[in-house]
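J.: For reference, the structure I am asking about is given below.
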Amino acid sequence: MDDFLPLSALQHYAYCPRQFALIHIEQAWAENRYTAEGRILHERVDSGVAEQRKDVRFERSVMLRSEHLRLTGKLDLLEVHGSERFVPVEYKRGKPKLVDWDRIQVCAQALCIEEMRSIQVTEGAIWYWEVRRRELVALSPDLRNLTLSMIENCHSLIELGQTPKPISDNSRCRACSLRDLCGPDRFRRDNSVRYARELFEF
1 MDDFLPLSAL QHYAYCPRQF ALIHIEQAWA ENRYTAEGRI LHERVDSGVA EQRKDVRFER
61 SVMLRSEHLR LTGKLDLLEV HGSERFVPVE YKRGKPKLVD WDRIQVCAQA LCIEEMRSIQ
121 VTEGAIWYWE VRRRELVALS PDLRNLTLSM IENCHSLIEL GQTPKPISDN SRCRACSLRD
181 LCGPDRFRRD NSVRYARELF EF
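If you read the sequence shown in UniProt numbering, its first letter stands for residue 1, the second for the next number, and so on.
As structure tokens, then:
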């Protein structure tokens, strides 16, 4: 059985563990404007060909895999500077975020490259389509530890095979394409546990 985790799943888990479980355990999916724009963007990126500019080689749609972390996926762009400096670049449709959802995915890509090439990757980048800007991602020890923790949590949740309840931050639900399938408001209004507890108390 192939128990490898898609690299993109880490961003799903970091955003919302319930979203992650709906997609990667229940195999549910729905598309909205944001996912459609993201898909179109990646199709454009994937259609590009490798090229060389001076001492930098640009490789597109690079397949990555980590046997140790049980990860696999496709990298949008790999910049190879000379023969030793590798920079993974992820394309996102939105804009830079204060939280690390996107950075975790880039860090996981770097971990795969390090294992595959036996090198050290010190930085990555994210290109945001909405603002047409590139954000550098320093692969710090803190980000690496957070990413490793997320990878472990993802594998554990898949092995458990259970979909968790919605997160308390309902502002994330508005942009989620799975909102109708998830039904977060129904779960938040569910008072059955409190009702049962009060029933036995009296």
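Note that CB positions come from ideal geometry on N, CA and C, so glycine has one too.
Apart from the five residues just before and just after residue 204, which ones in its own chain have a Cβ nearer than 6 angstroms to its Cβ?
T.: Because the chain is modelled from 1 through 202, residue 204 falls outside the range shown and cannot be assessed.
J.: Can you tell which of C176, R186, D185 has its C-alpha closest to the C-alpha of I23?
T.: Looking at the Cα atoms, C176 is the closest of the given residues.
J.: To which residues of the same chain is H81 closer than 6 angstroms at the C-beta, ignoring the five residues directly before and after it?
T.: Same-chain partners within the cutoff: V56.
J.: DSSP has M150 in a bridge; who is on the other side?
T.: M150 is not bridged to any residue.
J.: Measure from the alpha carbon of R133 to the alpha carbon of each residue in A125, S140, L139, then state which is nearest.
T.: Looking at the Cα atoms, A125 is the closest of the given residues.
J.: Following the continuous beta strand (DSSP E) through H81, name the residue where it begins and the one where it ends.
T.: Note, H81: beta strand (DSSP E), 71–81.
J.: Please classify D142 as buried or exposed, where buried requires at least 16 neighbouring CB atoms within 10 angstroms.
T.: Its Cβ having fewer than 16 others within 10 Å, D142 is exposed.
J.: Who pairs with R57 in a beta bridge, going by DSSP?
T.: Beta-bridge pairing links R57 to Q52, V80.
J.: Let me know the secondary structure DSSP gives G183 once reduced to three states.
T.: Three-state DSSP puts G183 in coil, outside helix and strand.
J.: Out of T147, S171, L157, which one is the CA nearest neighbour of R18?
T.: Checking every option, the nearest Cα to that of R18 belongs to L157.
J.: With a 10 Å radius around its C-beta and 16 neighbouring C-beta atoms as the bar for buried, classify H68 as buried or exposed.
T.: With fewer than 16 Cβ atoms within 10 Å of its Cβ, H68 is classed as exposed.
J.: Which residues does DSSP pair with P88 in a beta bridge?
T.: In DSSP, P88 forms a bridge with L78.
J.: Under three-state DSSP, which class holds L5?
T.: It is a strand residue.
J.: Mapping the DSSP letters down to three states, classify V99 as helix, strand or coil.
T.: Three-state result, V99: coil.
J.: Shortest alpha-carbon distance to W127 belongs to which of C182, Y15, P166, E90?
T.: Selected option, being the one with the closest Cα: E90.
J.: If you drop the 5 nearest sequence neighbours on each side, which residues of the same chain put their C-beta closer than 6 angstroms to that of K95?
T.: Excluding sequence neighbours, K95 sits near Y128, E130, V131.
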